[in-house]
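Notes to accompany the following structure.
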Amino acid sequence: MALRGSTGAPPHVPDLAADVGDILIAASDIRAKVSELGARLTEDYAGRQLTLVSVLKGALPFMADLMRAISIPVQIDLMEVSSYGGTSTETSGLVRILKDLSSPIDGRDVVIVEDIIDTGLTLNYLLRYLRGKNPATLRVCALLDKPARRLVEIPIDYRGFTIPDQFVVGYGLDYGEFYRNLPFIGVLRPEVYGRS
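Going by the working numbering, the residue at position 113 of the sequence shown is 114; the numbering climbs one at a time, nothing skipped.
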């Protein structure tokens, strides 16, 4: 029996190869950048108590690779926030915390690990929220920075790549919960997200 959507039609199953146009950042370039960021964090936080806070779900692959590239003791925690609805490609502006921190961060050196910063609205909210928990320091490490879409200024202390205003997927980034498993950052073809 085939799975069917609410209209009776089979649900769209993405074709990972066909749905992605250009590869914007190759897997080898991601690995090199993660190693570089890990070395910088190791140097900057030597002798201190570093806590990485991953913003789920998109930053999970980046966080996993980044923490392995850090050669000092590090603790991790996870948060899940949302400002997108369903398969939407546009932020709603309304931020909701779906999963909060598991441990207190007061007095700790905290680095928020993000997959991508575009409008900055979600991260701006998250920075204000986490400052209220009294960390010793609070910094941002983002794999991707998309400044063309920025609505609020965000301090990015550790930046992987600056990218153009294109809809990207892969290495944790999704569209409709698919494409996260791609090992590279690719540009999703407009006709794919225009199907919704």
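Beta carbons are placed, not taken as given, at the ideal position from N, Cα and C, and that holds for glycine. Nothing here was measured: the structure is a model prediction, and the numbers come from that model.
Quick check on residue i: buried or exposed, where buried means 16 or more other Cβ atoms within 10 Å of its Cβ?
i: Leu189; result: buried
i: Thr163; result: exposed
i: Asp101; result: exposed
i: Pro156; result: exposed
i: Gly108; result: exposed
i: Leu139; result: buried
i: Glu192; result: exposed
i: Gly39; result: buried
i: Asp25; result: Looking at the sequence shown, residue 25 is not Asp but Leu. Its Cβ being crowded by 16 or more others within 10 Å, Leu25 is buried.
i: Pro62; result: buried
i: Leu152; result: exposed
i: Ala143; result: buried
Along the beta strand (DSSP E) that carries residue i, what are the first and last residues, could you check?
i: Ser55; result: Leu51 to Leu57
i: Phe1; result: What the structure shows of the chain is the stretch from 2 to 197, and residue 1 is not part of that stretch, so it cannot be assessed.
i: Val82; result: Val75 to Ser83
i: Val188; result: Ile186 to Leu189
Looking at C-alpha atoms only, which residue of the options is the closest neighbour of residue i?
i: Pro136; options: Tyr194, Asp16, Asn182 and Leu53; result: Leu53
i: Asn125; options: Glu37, Glu154 and Ile77; result: Glu154
i: Tyr194; options: Asp175, Ser29, Ile186 and Leu183; result: Asp175
i: Leu145; options: Arg132, Arg129, Gly133 and Phe168; result: Phe168
i: Ile71; options: Leu17, Glu37 and Ile117; result: Glu37
i: Lys147; options: Met64, Asp116 and Tyr46; result: Asp116
i: Glu67; options: Leu42, Leu131 and Ala28; result: Here the sequence assigns Leu to residue 67, which means Glu is not the residue at that position. That would be Leu42, whose Cα lies nearest to the Cα of Leu67.
i: Glu44; options: Leu79, Ala27 and Tyr159; result: Tyr159
i: Arg150; options: Tyr46, Pro165, Val141 and Ala143; result: Pro165
i: Val141; options: Ala18, Asp23, Val14 and Met64; result: Met64
i: Phe185; options: Ala19, Arg132, Met80 and Ala28; result: Ala28
i: Leu79; options: Leu57, Ile73 and Arg69; result: Leu57
i: Tyr46; options: Ile73, Ala18 and Leu183; result: Ile73
Can you tell me the Cβ-Cβ gap for residue i and residue j, rounded? I've got them flagged as a contact below 8 Å.
i: Ile98; j: Val82; result: 5 Å
i: Gly161; j: Lys34; result: 5 Å
i: Gly173; j: Gly48; result: No, Gly173 and Gly48 are not in contact; Cβ-Cβ is about 30 Å, not under 8 Å.
i: Gln50; j: Asp110; result: 6 Å
i: Ser84; j: Val96; result: 5 Å
i: Ser200; j: Ile31; result: What the structure shows of the chain is the stretch from 2 to 197, and residue 200 is not part of that stretch, so it cannot be assessed.
i: Leu127; j: Ile113; result: 6 Å
i: Gly177; j: Val21; result: Their Cβ separation, rounded to whole angstroms, is 14 Å, which puts Gly177 and Val21 out of contact at 8 Å.
i: Tyr180; j: Pro15; result: 7 Å
At which residues does the alpha helix (DSSP H) containing residue i begin and terminate?
i: Leu67; result: Leu61 to Arg69
i: Ile24; result: Careful: Ile24 lies outside any alpha helix (DSSP H), inside the beta strand (DSSP E) at Val21 to Ile26.
Continuous alpha helix (DSSP H) assignments of at least 4 residues falling wholly in the region 92-162: 122-132
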